[in-house]
Amino acid sequence: MKPAPFAYHKARSLDDALAHLAAHKDARLLAGGQSLIATLNMRLSAPTLLVDINGIAGLDRIEVKGDAIEIGALVRHAQAERSDVIAKHVPLIARAMPHIAHPAIRNRGTLGGSIAFADPAAELPACLLALGGEIVASGPNGTRAIKADDFFKGLFETALSPDEIVTALRVPMARPDSRIGFAELARRHGDYAIVGLAATARTTGEKLADVRLAYFGVGDTPVRARKAETALAEGNINDAVGALDLSPHDDVQATAATKKHLAGVLLRRVAKQLMEAVHA
Amino acid sequence: MPEHSFDISLSVNGEAVAERVDARTTLVDFLREALGLTGSHVGCEHGVCGACTVRMNGEIVRGCLTLAVQCDGATVETIEGLSDSGEVADLQRAFEQRNALQCGFCTPGMVATAQDLLARGGVPSRAEIREHISGNYCRCTGYHAIVDAVEAVAKQRAGAAE
Chain G
76 MKPAPFAYHK ARSLDDALAH LAAHKDARLL AGGQSLIATL NMRLSAPTLL VDINGIAGLD
136 RIEVKGDAIE IGALVRHAQA ERSDVIAKHV PLIARAMPHI AHPAIRNRGT LGGSIAFADP
196 AAELPACLLA LGGEIVASGP NGTRAIKADD FFKGLFETAL SPDEIVTALR VPMARPDSRI
256 GFAELARRHG DYAIVGLAAT ARTTGEKLAD VRLAYFGVGD TPVRARKAET ALAEGNINDA
316 VGALDLSPHD DVQATAATKK HLAGVLLRRV AKQLMEAVHA
Chain E
1249 MPEHSFDISL SVNGEAVAER VDARTTLVDF LREALGLTGS HVGCEHGVCG ACTVRMNGEI
1309 VRGCLTLAVQ CDGATVETIE GLSDSGEVAD LQRAFEQRNA LQCGFCTPGM VATAQDLLAR
1369 GGVPSRAEIR EHISGNYCRC TGYHAIVDAV EAVAKQRAGA AE
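Each protein sequence line maps, in turn, to chains G and E.
Each residue of the first sequence is one higher than the one before, counting from 76 in our numbering.
Each residue of the second sequence is one higher than the one before, counting from 1249 in our numbering.
Next up, the structure:
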C-alpha cells in the first residue's frame, strides 16, 4: 500500500522542529523512519504533517560526559555498531546491535527513534532499562531527563508529551566490575524477538549485585523481572527462573506459555554470561 | 503551512536528476515510476523483504522506507547503475552459474546487499553471508545457492587481490 497524503517539513533546528510540533497537533517526527514509514505505507497511521529531524545538527554524536555516555537521538544503529566508544563503554548496546533488524535498516534507523517508538519487542528499550539509562527530551518548557524505569508507560506509549522531542540517551559508563548479558530468540535473525533479555549486574568478586533483568517481547513494555533479579543476586539460577513473574500475551509468534518457558531458557543463558564473568 | 510536494535534485546512477515529488512518494516508487528504473522491486512495502534495496550515499537502504523527498542532494545507486558500471558483474555471473536465482524477484536486492558485504573486503564466513542477507527474502527459497554464489565471488576477489 501507499501512504495517505501528508505535508512535509525539514526542520532546520531543534527549535524549528518544536515549533512545528506545537503548531500541528497531528504532526509526527520523522527520524530514521524505519518503523514510521512502514506504518504510513500500511496506513496504520496517517499524520497530516511529517517533521523531518534528520537535518538537525548536533544530534548524531556519541560523547563521553563524565561517567556517562551520551548518545545523540539521531545516531544510526550502524554508527553505534561501529563506534569504539560504545564497544568500550556500553558493551550491552554493542552486543545487542547485530540483533536489531538487518544491515539496510540499521543504516537508517536511529537510537532515539527506537526509544521514542517504544516497541515492546525491540531490543534497545530493554537495553536502556537494563542499563538504568535516561532519556533526554526537549520541549516548549525546556529540557528534562527521564529515567528509563519511568519512561515506558504502555504499548507504544511513553512518558514523552506530544510536544517533546528525544534529543539524547544517557547511559552509565561500564566499570571494571560491570557485567552484561544479552540473549534473544527470533525465528529469523534480525526479526523482532519472540522473547529477549538484556541484563546488567555488578560483580563483588564472589557474587552478583545490582542485577537488572529487562525482558522484551513479553508485555506492553520492556519489563523488569525484579524477583528474579533478587534471586540471581543471591546466586541461585533455579530460584531465579522460578521467581520469574512475567505475564506475556499470546501473539502471532508464540503462545504465552511458550514465551514463559523461553523466558526461563533465556534467563539461564544470560545468568551464565553474567556468572562466568563474576571472577573475571 | 508546510507543503505536500517538493522539487528535489539528486544523483541517480551518476546522472543528475531534478523532479517534483509528492512528500508521500517513497524512494523506490520514485525510481520506478518517475525514472523508469524498474530493477528495484516493490515487495512487501514495509521493510521486511529487501527487494527494494538500493544504495543511498554509499550505504544500502530500504527504498520503501525512505521518502524520495529525503533524497534531495543525495547520491542514489540502483541495480541498473551497479550493473552498468560493472561493479557487480562477477556477482551476476556467479548467480547465473550457480542457479542462485529462480523467479529473480529478489535478485536485485540480493546482489546489492551481497555487494555491500563484499565491498568491505576479505572472505566472509557462510554464517556472515547469511546474516548479511538476512533482511532479504527469497520466496523461491534458493538461499543455499545464493550463499554459494556470494562465497565464490568473495574467494575469487580475494584471490585476484593477492
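The C-beta atom is built at its ideal place from N, Cα and C for all residues, glycine as well.
Keep in mind that this is a model prediction, so the values were computed, not measured.
Contact list for residue i against chain E, beta-carbon separation under 7 Å
i      : result
K100/G : Those within 7 Å of K100/G in chain E number zero; the least Cβ separation is about 14 Å.
A97/G  : In chain order: nothing, as chain E lies at least about 14 Å away.
H152/G : Under the 7 Å cutoff, chain E gives no residues; its nearest Cβ is about 12 Å from H152/G.
M76/G  : E1293
Rounded Cβ spacing between residue i and residue j (contact assumed at less than 8 Å)
i       : j       : result
A268/G  : F231/G  : Not quite, the Cβ-Cβ distance comes to about 17 Å (not below 8 Å), so this is no contact.
L1315/E : L1275/E : 7 Å
A243/G  : E145/G  : 5 Å
N182/G  : R136/G  : Not quite, the Cβ-Cβ distance comes to about 18 Å (not below 8 Å), so this is no contact.
R321/G  : K335/G  : In the sequence as presented, Arg is not what sits at residue 321/G; that position holds Leu. Contact flag correct, Cβ pair sits at about 6 Å.
L96/G   : L125/G  : Going by Cβ atoms, the distance from L96/G to L125/G rounds to 11 Å, so no, they are not a contact pair.
V1269/E : V1317/E : 6 Å
H1380/E : T1361/E : 6 Å
D1332/E : V1401/E : That belief does not hold up - the Cβ atoms of D1332/E and V1401/E are roughly 18 Å apart, past 8 Å.
Residue i versus the options, residue with shortest Cα-Cα distance
i       : options                            : result
V1324/E : I1256/E, E1399/E, A1406/E          : I1256/E
S253/G  : D90/G, A176/G, L283/G              : L283/G
G184/G  : V165/G, R170/G, A153/G             : A153/G
Q1404/E : R1268/E, V1309/E, G1370/E          : G1370/E
H99/G   : D1320/E, M1249/E, V1269/E, C1297/E : M1249/E
G1321/E : V1359/E, C1386/E, S1259/E          : S1259/E
R87/G   : H264/G, G214/G, E351/G, D127/G     : D127/G
V1419/E : D1277/E, G1287/E, I1377/E, C1319/E : As shown, chain E starts at 1249 and ends at 1410. That puts residue 1419/E outside it, with no answer to give.
P297/G  : T233/G, Q328/G, A331/G             : T233/G
L342/G  : A196/G, D314/G, V327/G             : D314/G
Q328/G  : E138/G, A196/G, H177/G             : A196/G
S1382/E : H177/G, N216/G, C202/G, G214/G     : H177/G
L134/G  : L115/G, V316/G, R262/G, L186/G     : L186/G
Contacts that residue i makes with chain E (C-beta to C-beta distance below 9 Å)
i      : result
I112/G : T1274, H1294, G1295, R1310, C1312, L1313, T1314, L1315
Q348/G : Here the premise fails: no neighbours, minimum Cβ distance about 20 Å.
G280/G : Chain E residues near G280/G: none, gap ~36 Å exceeds 9 Å.
G271/G : Under the 9 Å cutoff, chain E gives no residues; its nearest Cβ is about 16 Å from G271/G.
G147/G : Under the 9 Å cutoff, chain E gives no residues; its nearest Cβ is about 18 Å from G147/G.
7 Å Cβ cutoff met for residue i and residue j
i       : j       : result
L272/G  : A249/G  : no
P122/G  : D101/G  : yes
L337/G  : V270/G  : yes
H1294/E : A113/G  : yes
D1396/E : R1346/E : yes
H174/G  : E198/G  : yes
L204/G  : A276/G  : no
T1389/E : A179/G  : no
R1310/E : F81/G   : no
A143/G  : P247/G  : yes
E209/G  : A193/G  : no
G1298/E : G1357/E : yes
D325/G  : G229/G  : no
G130/G  : K85/G   : yes
P166/G  : I312/G  : no
L1313/E : G339/G  : no
P200/G  : F227/G  : yes
Within chain G, the residues that residue i reaches when beta carbons sit closer than 7 Å
i       : result
P1250/E : A82, Y83, H84, L124
Q1363/E : Chain G residues near Q1363/E: none, gap ~12 Å exceeds 7 Å.
E1281/E : Chain G residues near E1281/E: none, gap ~11 Å exceeds 7 Å.
Chain-ordered neighbours of residue i on chain A, where CB pairs are closer than 9 Å
i      : result
M117/G : Considering every chain present, this structure includes no chain A. Its protein chains are G and E.
Contacts of residue i in chain G (Cβ-Cβ under 9 Å)
i       : result
T1301/E : A179
E1399/E : Simply none; closest approach about 17 Å.
Contacts that residue i makes with chain G (C-beta to C-beta distance below 8 Å)
i       : result
E1413/E : Any answer about residue 1413/E is impossible in this case: the structure gives chain E only from 1249 up to 1410.
G1298/E : H177, A179
Cβ-heavy atom distance, residue i to the ligand ZN, below 6 Å
i      : result
D314/G : The model on display carries no ligand, and the ligand ZN is accordingly not part of it.
Note to self: What are the residues in the region 79-94 of chain G lying within 9 Å of chain E by C-beta distance?
What the structure shows: A79, P80, F81, A82, Y83, H84, K85
Note to self: Along the region 238-269 of chain G, where does the CB come closer than 9 Å to a CB of chain E? Name the residues.
What the structure shows: R263, H264, G265, D266
Checklist line | Contact residues within the region 1372-1397 of chain E, judged by C-beta distance below 7 Å to chain G | finding: E1379, H1380, S1382, G1383
Checklist line | Residues, ordered as in the chain, of the region 175-191 of chain G that lie near chain E by beta-carbon distance below 8 Å | finding: A176, H177, P178, A179, I180, N182, R183
Notebook entry, point to check: Taking any Cβ of chain E, which residues in the region 309-342 of chain G have a Cβ under 7 Å from it, in chain order?
Noted result: none
Note to self: Can you pull out the residues from the region 1252-1272 of chain E whose beta carbon lies closer than 8 Å to at least one beta carbon of chain G?
What the structure shows: H1252, F1254, D1270, A1271, R1272
Next item on the list: Anything in the region 125-137 of chain G with a Cβ closer than 9 Å to a Cβ of chain E? List those residues in chain order, please.
Entry: L125, V126, D127, N129
Notebook entry, point to check: the region 212-239 of chain G: which residues have C-beta closer than 8 Å to a C-beta of chain E, in chain order?
Noted result: none
Note to self: Output needed in chain order: residues of the region 275-304 of chain G with a Cβ under 9 Å from some Cβ in chain E.
What the structure shows: none
Margin query: Which residues of the region 1325-1354 of chain E have a Cβ closer than 7 Å to any Cβ of chain G? Give them in chain order.
Written below: none
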